[in-house]
Each structure stands twice: as C-alpha cells, then as structure tokens.
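Asks: Let me give you the structure first, and then I'll get to my questions.
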Amino acid sequence: MKVLVTGSAGFIGSALNLKLLERGDEVIGIDNHNDYYDPDLKEARLARHSNHENYTHLRIDLAGRVAMEQAFEEHKPQGVINLAAQAGVRYSIENPLAYVDSNIVGFAHILEGCRHNKVEHLVYASSSSVYGANTTMPFSVHDNVDHPLSIYAASKKANELMAHAYSHLYDLPTTGLRFFTVYGPWGRPDMALFKFTKAILSNESIPVFNYGKHRRDFTYIDDIVEGVIRVLDQPATSNTEWSGYKPDSGTSKAPWRIYNIGNNKPVDLMDYIEALEKALGKTAKKDLLPLQPGDVEGTFADVKDLADQFDYKPSTTIEEGITDFISWYHDYNEQ
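In terms of this note's numbering, the sequence shown is numbered consecutively and its last residue is 348.
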C-alpha cells in the first residue's frame, strides 16, 4: 500500500512510519518541522527512516493549500493517516489561532486531497480531550461530546464533524481515533513524562497539578501504532442500523467511524510518578498545584469497539513503558 502520513517527524508519526516500512508499504511523509518544541528531536526521529528506499519526505505545511494539492496529485496515496496537528491543551489557551490554521484549515486540505484523489481510507488523530466536561467513566464513543474545555479539544471535535460531512457527501471512508495520553521513547518534550524526567535528574521540582489527583489512561507508543495500522487496513463502513431518531455518536449511515485507542487501565498520577522515581532511582520534589484551565481530572478509555472489531489488546504496563522511555532518554542525551 502507498500511505501518506502527516506529522511524519512527530512522536507517533515516525514510529508509525517505521512499522509501515517494515511490512513493505511505501510511505510519503509530510511534516512542517515547526519549532513548537526542539526541531533537533524531530530531525533525529526522521533520521531513523529517511534513507529507506520506500520513504519520501515532504517538508510542507498542511495549511499550504497549493503544496498539499501538489502532494496528493503527485503521489496518489491509497491510504492517508493524518497525525499532524498543533498539539497541547495549555498552549491552545495562549495561541488559539495556531490550532485553527493547522488543525482545522490543514485538515480541510487533507479531506480535499482525499476527495479528489480517490483515497481508499483516511485515518486521523482525534483526542481524548474531546470528552471535555463529560464525567461518566469509562469514556465511550457512543456518548455525546459537545462540551470541550479547550480550543485544542474543540479543533479535534471539529475534525470529526468535518470528516463526517465528507464521508456522507463523497462516500469517503474516514476513521477517527481518539488517542489517550501517548507516551514512550522518542516522545514529545512538552509531555509530562519528558518534563518530569528532566526535572528529577536536574534536582528540580515537578509541577503536580490538581494536587496529584489526576488519573490518566496512559497508552504506550507501540500499542498505539499497532492499533492505527489495524484500523488503516479495514476502511470504515456504514452502520446500516443507524437511526436519526436515536443517533449513535460513534457510527453513521456514512462510512465514518470513531474509536477510542487507549490502555483501558487508568493510572493515578502519583502512581505514575512513583513508577518514574523507581526507574530513575531518584525521588521527585513535588510542587502541588491546582487544576489548570482546560484540563480534566481523569481519562479512561472504553476500547470495547476497537477490541471487538480489530482484536486490539494493548499489552504494555506503565512500569515497562516508563523503563523503556528512561533507557531511551539516557541514550539520546548521551549521544
């Protein structure tokens, strides 16, 4: 299969590229290499697969309409995996327009490229953030999610709605995956695991929001990649039993689907920190702080649909995942 992957120098994108290339796919990667975090890390990720004979890299921005049109017309991908986005809940409070440009305008260009070039399946990254003010646990794709608490979350919900319109109007199979706190080697420096590790090793205090009462459904990178590939290989289909009288939020009469992709085992933040302390052999200095604007107290993924339809079974424990991250962190920073 020829697959176009956006965000290909990103955390999930680069890991996904390696697996796709390993199984024999041809991959066209797109990334704008912005400086939201250290560009050197993006270059290092990219170096792992940039010289592969079946890999082509394009340094373009999703918001660039002409460049995106040319990319689709030249390469004619069969499948598209859209992972590129302006990330971060807290940054979206400071700079909301960055999310409009990348996550909404950029996604519209992805949809148009798929529409005009007969793409067989679009898989795109949504987020557990869309659950917003919802408090019923575990979070289910069949629940209504109309109360986002951040611009980032709103932009991801918008992606799901835009994809539905294209699936309905143009019969384009689209599948949205709501990622739950992805972590692991080669992760993002703005994520808690990376920041906590750096601070603890520097004998600095770590900010523990909501006074440590957070719970998160942390999902290891390899488990995420496995799920994405399984979904890519089975284009979304319509739910013939869908009814407008009692609409199901996770399916449609159109070839459109939404799935949670998480570990299905939420972990208390303090237990997460304890596992990190054990892996590092150091005790963290904790600065207990209140809940931050746009943040939620807990996440918990109901992955039954993904498990039933794709035999998805995340298997990496927090202890294993954190140990792998720490091993990579030491290797990367000692180069």
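Yeah, the Cβ is synthetic: ideal placement off N, Cα and C, and Gly gets one too.
1. What distance in whole Å lies between the Cβ atoms of S21 and G42, which are believed to be in contact at a cut-off of 8 Å?
2. When the Cβ atoms of the stretch 213 to 232 are set against those of the stretch 304 to 323, are three or more pairs found closer than 8 Å?
3. For a test of the three-state rule: what should DSSP assign to H155, helix, strand or coil?
4. Using CA atoms only, rank isn't needed, just tell me which of V16, A111 and A28 is closest to A84.
5. Going straight from the alpha carbon of I106 to that of L289, what length do you get?
6. With DSSP run on the structure shown, which of helix, strand or coil describes A138?
7. Considering Cα atoms alone, identify which of N172, N130, I164 and H181 is closest to G145.
8. Express the C-alpha separation of D48 and N108 in angstroms, rounding to a whole number.
9. Determine which residues share a DSSP beta bridge with A314 and list them.
10. Using the beta-carbon count (16 or more within 10 Å), is Q247 buried or exposed?
11. Helix or strand or just coil, what does DSSP make of R128?
12. Leaving out five residues before and five after P303 in sequence, what residues of the same chain have Cβ atoms less than 8 Å from its Cβ?
13. Going by DSSP, what residues sit across from P220 in a beta bridge?
14. Could you round the C-beta distance between H160 and G263 to whole angstroms and report it? I think they count as a contact, below 8 Å.
15. Since E82 is in the alpha helix (DSSP H), which residue starts that stretch and which ends it?
16. Figure out for me which residue from K211, T149 and Y137 has the closest Cα to the Cα of M175.
17. Would you say V113 lies against chain D (beta-carbon separation less than 7 Å)?
18. At what residue ranges does the stretch 188 to 238 contain a whole run of the beta strand (DSSP E), taking only runs of 3 or more?
19. In whole angstroms, what is the alpha-carbon distance linking E35 and G26?
20. Check I73 in the structure and name its three-state DSSP category.
21. Do three or more CB pairs link the stretch 120 to 132 to the stretch 171 to 191 at distances below 8 Å?
22. Identify whether L31 lies in helix, strand or coil by the three-state DSSP scheme.
23. State yes or no: is the C-beta of L71 within less than 7 Å of the C-beta of A97?
24. Less than 7 Å separating the beta-carbons of S139 and K169?
25. Beta-carbon within less than 8 Å of K299's beta-carbon, same chain only, minus the 5 sequence neighbours each way: which residues are those?
26. Within 10 Å of its beta-carbon, does D44 have 16 or more other beta-carbons around it, so buried, or fewer, so exposed?
27. Taking DSSP as the reference, what is the three-state secondary structure of G294?
28. Could you check what DSSP says for E133 in three-state terms: helix, strand or coil?
29. Using a 10 Å radius around the Cβ and a threshold of 16 neighbouring Cβ atoms, would you call Y258 buried or exposed?
30. Using 10 angstroms around the beta-carbon of G294, count the other beta-carbons present and answer buried if the total reaches 16, otherwise exposed.
31. For W269, does the three-state DSSP call read helix, strand or coil?
Replies: Reading it off the structure:
1. On the sequence shown, residue 42 is found 29 positions in, with the first residue counted as 1. On the sequence shown, residue 21 is found 8 positions in, with the first residue counted as 1. Confirmed, Cβ separation roughly 3 Å.
2. Yes: at least three Cβ pairs fall under 8 Å.
3. Your numbering for residue 155 matches position 142 in the sequence shown. Coil.
4. The count along the sequence shown starts at 1 and reaches residue 84 at position 71. Among V16, A111 and A28, the Cα nearest to that of A84 is on V16.
5. If you number the sequence shown from 1, residue 106 lands on position 93. If you number the sequence shown from 1, residue 289 lands on position 276. Taking the straight line joining both Cα atoms gives about 29 Å.
6. As a first step, residue 138 is located in the sequence shown; it is residue number 125 there, counting from the start. Residue state, collapsed to three classes: strand.
7. Counted from its first residue, the sequence shown places residue 145 at position 132. Among N172, N130, I164 and H181, the Cα nearest to that of G145 belongs to I164.
8. Residue numbering aside, residue 108 sits at position 95 when the sequence shown is read from its first letter. Residue numbering aside, residue 48 sits at position 35 when the sequence shown is read from its first letter. N108 and D48: Cα-Cα distance of roughly 14 Å.
9. Here the question's residue 314 lines up with position 301 in the sequence shown. According to DSSP, which records beta bridges pairwise, A314 is partnered with F152.
10. Looking up residue 247 in the sequence shown gives position 234. Q247 should be labelled exposed.
11. Taking the sequence shown and counting its residues from 1, the one referred to as residue 128 is at position 115. Residue state, collapsed to three classes: helix.
12. Translated into positions along the sequence shown, residue 303 becomes position 290. Taken in chain order, the residues that qualify are F222, N223 and Y224.
13. For the purposes of this step, residue 220 is taken as the residue at position 207 of the sequence shown. Note: P220 sits in a beta bridge opposite D300.
14. Mapped onto the sequence shown, residue 160 falls at position 147. Mapped onto the sequence shown, residue 263 falls at position 250. Not a contact, Cβ separation roughly 17 Å.
15. Along the sequence shown, read from residue 1 onward, the residue named residue 82 stands at position 69. Counted as a single uninterrupted DSSP element, the alpha helix (DSSP H) harbouring E82 occupies residues R78 to H88.
16. Your numbering for residue 175 matches position 162 in the sequence shown. Per the Cα distances, Y137.
17. Absent here is chain D; the protein component of the structure consists of one chain.
18. Correct list: 218 to 221.
19. Stepping through the sequence shown from its first residue, residue 35 is reached at position 22. Stepping through the sequence shown from its first residue, residue 26 is reached at position 13. Straight-line Cα distance between these residues: approximately 14 Å.
20. Locating residue 73 in the sequence shown gives position 60, where the first residue counts as 1. Looking at I73 - three-state DSSP - the assignment turns out to be coil, as it is neither helix nor strand.
21. A contact between stretches requires three or more CB pairs, one per stretch, nearer than 8 Å, and the stretch 120 to 132 meets this requirement with the stretch 171 to 191.
22. Taking the sequence shown and counting its residues from 1, one reaches residue 31 at position 18. Looking at L31 - three-state DSSP - the assignment turns out to be helix.
23. Translated into the one-based positions of the sequence shown, residue 71 becomes position 58. Translated into the one-based positions of the sequence shown, residue 97 becomes position 84. For the 7 Å CB-CB criterion, L71 and A97 do not form a contact.
24. For this step, residue 139 is matched to residue 126 along the sequence shown. For this step, residue 169 is matched to residue 156 along the sequence shown. Yes; because the gap between Cβ atoms is below 7 Å, this pair is in contact.
25. Locating residue 299 in the sequence shown gives position 286, counting from the first residue. Cβ neighbours of K299 within its own chain (closer than 8 Å, five residues either side excluded): S218, I219, V221, G225 and I286.
26. Translated into positions along the sequence shown, residue 44 becomes position 31. The residue in question, D44, is buried, as its Cβ has 16 or more Cβ neighbours within 10 Å.
27. Mapped onto the sequence shown, residue 294 falls at position 281. In the structure shown, G294 sits in coil (DSSP, three-state: anything other than H, G, I, E or B).
28. The sequence position of residue 133 within the sequence shown is 120, counting from 1. Look at E133 here: in three-state DSSP terms it is coil, with no helix or strand label.
29. Here residue 258 corresponds to residue number 245 of the sequence shown, with the count starting at 1. Counting Cβ neighbours within 10 Å, Y258 comes out exposed, since fewer than 16 surround it.
30. Counting from 1 along the sequence shown, the entry for residue 294 is found at position 281. Exposed, because fewer than 16 other Cβ atoms sit within 10 Å of the Cβ of G294.
31. If you number the sequence shown from 1, residue 269 lands on position 256. The answer is strand: DSSP assigns W269 an E or B state.
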